[in-house]
Amino acid sequence: MTLLAPVWLLLLIPVALLALTYVIMALRSRTAYAVRFTNLDLLDKVAPRRPGWRRHVPAAALLLMFALLVVGFARPTAEVQVPRERATIMVAFDVSASMGATDVSPNRFEAAKQAARQFVQGLPERFNLGLVAFSSAASVAVPPTTDRPAVLSALDRLSMDSGTAIGEAVFSSLEAIAALDSEEEAPPAHIVLLSDGANTSGRTVNDAATEATTRGVPVTTIAYGTPDGTISLSGREVPVPVDGPALRGLAESAGGGFYEAASGDELQAVYEDIGTSVGYRTEQQEVWQWFVGAGLIFALIAAATSMLWFSRLP
Numbered sequence: 001m002t003l004l005a006p007v008w009l010l011l012l013i014p015v016a017l018l019a020l021t022y023v024i025m026a027l028r029s030r031t032a033y034a035v036r037f038t039n040l041d042l043l044d045k046v047a048p049r050r051p052g053w054r055r056h057v058p059a060a061a062l063l064l065m066f067a068l069l070v071v072g073f074a075r076p077t078a079e080v081q082v083p084r085e086r087a088t089i090m091v092a093f094d095v096s097a098s099m100g101a102t103d104v105s106p107n108r109f110e111a112a113k114q115a116a117r118q119f120v121q122g123l124p125e126r127f128n129l130g131l132v133a134f135s136s137a138a139s140v141a142v143p144p145t146t147d148r149p150a151v152l153s154a155l156d157r158l159s160m161d162s163g164t165a166i167g168e169a170v171f172s173s174l175e176a177i178a179a180l181d182s183e184e185e186a187p188p189a190h191i192v193l194l195s196d197g198a199n200t201s202g203r204t205v206n207d208a209a210t211e212a213t214t215r216g217v218p219v220t221t222i223a224y225g226t227p228d229g230t231i232s233l234s235g236r237e238v239p240v241p242v243d244g245p246a247l248r249g250l251a252e253s254a255g256g257g258f259y260e261a262a263s264g265d266e267l268q269a270v271y272e273d274i275g276t277s278v279g280y281r282t283e284q285q286e287v288w289q290w291f292v293g294a295g296l297i298f299a300l301i302a303a304a305t306s307m308l309w310f311s312r313l314p
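As structure tokens, this is what we get:
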């Protein structure tokens with residue numbers, strides 16, 4: 001939390017002096033009361049019990065009210081997550097044969113589809129969401145839309161093929177975004193690309209990163225799988241270890257984030273984190289209302305306890 005007008009905090013000095021004065025007066029009153037009535041046995045019989053700690057509640061509430069109002073005058077600010085009014089998200093999904101590796105249960109492909117479904121369902125309804133599937137080439141399975149069932153149905157229809165065209169997936173995503181957001185001030189867009197391998201066909205990852213940077217579209221990548229992944233090919237086990245460096249380089253060059261996931265649960269956590277970052281923007285907002293509101297509550301406490309316990313206002 002930061003303060004836009006910290007000079008107002010100087011008013012805490014008289015509040016502190018008032019609190020100190022109250023403490024001194026309370027101690028003197030207690031001492032004088034004890035000296036005046038030295039016969040404690042007689043005092044218990046003829047004098048009613050003093051209210052004890054309750055007599056300090058109204059004063060303490062009043063001092064807290066003053067302190068909170070002063071902090072409110074200092075105009076405190078805090079980081080607040082504000083939902084984006086509009087945004088376009090493209091999910092680029094690797095459907096290459098290596099996604100059939102069973103190092104993730106039941107396999108990379110099915111676990112990734114399940115996590116992607118959760119991601120789709122968790123995005124704000126006002127977001128446009130599109131899907132690109134890529135193997136040796138890339139194609140737009142669903143153009144950006146707010147129709148979530150259409151995206152979920154397309155996810156269910158995905159099937160695996162050979163090759164990995166990461167660069168083409170980025171270019172296809174950028175073209176789909178440009179086709180939707182043709183206004184001068186287009187809403188923010190983001191590409192989330194999930195893959196387990198290196199680029200093997202089509203335009204290069206560097207070309208894709210350059211184009212994404214030029215268009216101002218961040219690319220977040222997820223390296224999915226483990227180094228021990230294998231697939232069965234022509235009766236033999238072929239290693240398909242996840243290749244993170246190329247995906248990390250793409251994300252860093254295109255201004256996005258890089259994640260690694262080795263299980264379905266980890267991938268789901270990654271999607272939740274991405275959904276939060278692309279669904280909201282962080283702003284510094286004034287929160288003086290919280291302090292003024294809390295101050296008024298303590299003012300009410302001071303008045304209520306004083307009237308209920310002592311039949312007078314503080």
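Residues in the sequence shown are numbered from 1 upward in steps of one, following UniProt numbering.
Yeah, the Cβ is synthetic: ideal placement off N, Cα and C, and Gly gets one too.
Straight-line spacing of the CA atoms in A269 and I177 works out to 26 Å. For the pair M99 and P143, the Cα-to-Cα distance works out to about 23 Å. For S232, there is no enclosing alpha helix (DSSP H); the residue is part of the beta strand (DSSP E) that begins and ends at 230-233. Nearest to L68 by alpha-carbon distance, out of W290, A304, T305, is W290. By the 16-neighbour rule on beta-carbons within 10 angstroms, P227 is exposed.
The C-beta of I13 has fewer than 16 other C-beta atoms within 10 Å across all chains shown, which makes the residue exposed. Across the set T2, T102, T21, the C-alpha of T2 shows the shortest separation from the C-alpha of F73. Per DSSP, S139 is one residue of the beta strand (DSSP E) stretching across 138-145. In this model, R248 and R203 are separated by some 17 Å (Cα to Cα). Beta-bridge partners of A78 (DSSP): Q285.
M160 and V95 have their alpha carbons spaced roughly 5 Å apart. Classified as buried, L123 has 16 or more neighbouring CB atoms from the shown chains inside 10 Å of its CB. In the DSSP secondary-structure assignment, H190 is bridged to I89. CA-CA distance, E266 to A26, rounds to 60 Å.
Nearest neighbour of L308 by Cα position, chosen from W8, V57, L193, turns out to be V57. T102: not part of any alpha helix (DSSP H); DSSP gives it neither H nor E. Note on the stretch 249-282: whole beta strand (DSSP E) runs with a minimum of 3 residues are 258-261, in chain order.
Just so you know, the alpha carbons of G235 and H190 end up roughly 40 Å apart.
Bridge pairing for Y224: A261 [DSSP]. Residues T230 of the same chain have their beta carbon placed closer than 6 Å to that of P239, with the five preceding and five following residues left out of the count. Annotation: the continuous alpha helix (DSSP H) that includes V70 extends over 57-73. For R108, the enclosing alpha helix (DSSP H) begins and ends at 108-122.
Within its own chain, the residues whose Cβ lies closer than 7 Å to the Cβ of A133, once the five positions on either side in sequence are excluded, are F93, V95, S139, A141, L158, listed in chain order. Per DSSP, the unbroken alpha helix (DSSP H) holding G167 starts and ends at 166-180. For A209, the enclosing alpha helix (DSSP H) begins and ends at 205-215. Proximity to G197 across G293, T164, Q121 peaks at T164, based on C-alpha coordinates. The beta carbon of R117 is closer than 8 Å to those of L152, L155 in its chain, skipping five residues each way along the sequence. Here A133 carries a strand assignment [DSSP, helix/strand/coil].
When DSSP reads this structure, L3 sits in a beta bridge with P76. The C-beta distance from A304 to Y224 rounds to 59 Å, too long to fall under 8 Å, and the pair is not in contact. Spanning the alpha carbons of S172 and V91 requires a straight line of approximately 11 Å.
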